[in-house]
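Down below is the structure, laid out as structure tokens.
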């Protein structure tokens, strides 16, 4: 969701509002943010990344739908520090959110869960005032994720058909491509991005399944453990590969 109005601003502008945000070599982006409702204030289990129920509670429910940052699904799982820009209501630390969904609002880059949006305020009363406004001006920057668990592969239930294999990648971000090793042909073959962080492959090979992931069109990550030959639809497998 690239928005024409946003622009890059350096620390000279930011430090006037938030003196402890960043070092002299960091930049933030000006934008706007809103929020969406769920009964418990957490994430949306039907988010476009495909994270399902796990997407509700990622980052303690402080998550967001993004637009221009979506990048055709490669933005799933990416992490951002977001600050609102109303000094009397907004705290100086901002809030850490994880992108779990796609959503375009009124010139917004983020539509946050209520828990994420609440974290923008300096106290409960201030957050209540921000909710009344609905949409607020913000500054944000990309930050390293805080995933403490290893990257996991969840075999989608749709893989019940023996001629079809679909997998969801968890605890990773900026995944631009996924490939599967075909042992008989001795080559890597690309998987198709179905949507978000879900990839599929028609007529998967028998035996264990080894995949690798490309990060940001640069290097490849190779899991330490393959998906076992007796894999089951609905099962989640640990790659033993920790977040980078």
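Numbering (mature numbering (1 follows the signal peptide of the UniProt record, and there is no 0)), first residue to last: -24 to -1, 1 to 220.
Each residue gets a CB set at the ideal place from its N, CA and C atoms; glycine is no exception.
What you are looking at is a predicted structure, and each value in this text was computed from that prediction instead of being measured.
{"Item": "At least 3 beta-carbon pairs within less than 8 Å: the stretch 79 to 87 vs the stretch 40 to 48", "Value": "yes"}
{"Item": "Residue 195: first and last residue of the uninterrupted alpha helix (DSSP H) it sits in", "Value": "From DSSP, residue 195 is part of no alpha helix (DSSP H) but of the beta strand (DSSP E) over 195 to 197."}
{"Item": "CA nearest to the CA of residue 206, picked from 183, 138, 92, 53", "Value": "183"}
{"Item": "According to DSSP, residues forming a beta bridge with residue 39", "Value": "74"}
{"Item": "Which of helix, strand or coil DSSP assigns to residue 97", "Value": "strand"}
{"Item": "Residue 8 versus residue 151 - alpha carbon distance", "Value": "26 Å"}
{"Item": "Given residue 32 as reference, the closest of 103, 12, 107 once Cα atoms are compared", "Value": "12"}
{"Item": "Expected contact under 8 Å - CB spacing of residue 49 and residue 17 to nearest Å", "Value": "About 25 Å; that fails the 8 Å criterion."}
{"Item": "Proximity winner among 174, 176, 101, 181, relative to residue 159 (alpha-carbon distances)", "Value": "181"}
{"Item": "Secondary structure of residue 6, DSSP reduced to three states", "Value": "strand"}
{"Item": "C-alpha gap between residue -22 and residue 47, whole angstroms", "Value": "Confidence at residue -22 is low in this model, with a pLDDT of 33, below 50, so its placement is unreliable and the value that follows should be read with caution. The straight-line gap from Cα to Cα measures roughly 13 Å."}
{"Item": "Cut-off 8 Å between Cβ atoms - residues of its own chain near residue 164, not counting five sequence neighbours on either side", "Value": "155, 156, 157, 158, 188"}
{"Item": "Rounded distance between the beta-carbons of residue 57 and residue 111, thought under 8 Å", "Value": "So it is not a contact: roughly 19 Å between Cβ atoms."}
{"Item": "Sequence-distant residues of its chain with Cβ nearer than 6 Å to residue 218 (five each side left out)", "Value": "126"}
{"Item": "Backbone CA spacing between residue 191 and residue 53 [nearest angstrom]", "Value": "12 Å"}
{"Item": "Inter-residue spacing [alpha-carbon to alpha-carbon] between residue 75 and residue 138", "Value": "32 Å"}
{"Item": "Rounded C-alpha distance that separates residue 134 from residue 208", "Value": "11 Å"}
{"Item": "Nearest-angstrom Cβ-Cβ length linking residue 132 and residue 144, presumed shorter than 8 Å", "Value": "6 Å"}
{"Item": "Residue burial classification, residue 24 (beta-carbon count within 10 angstroms, cutoff 16)", "Value": "buried"}
{"Item": "Straight-line Cα distance separating residue 20 from residue 26", "Value": "10 Å"}
{"Item": "Range of the contiguous alpha helix (DSSP H) that encloses residue 29", "Value": "29 to 33"}
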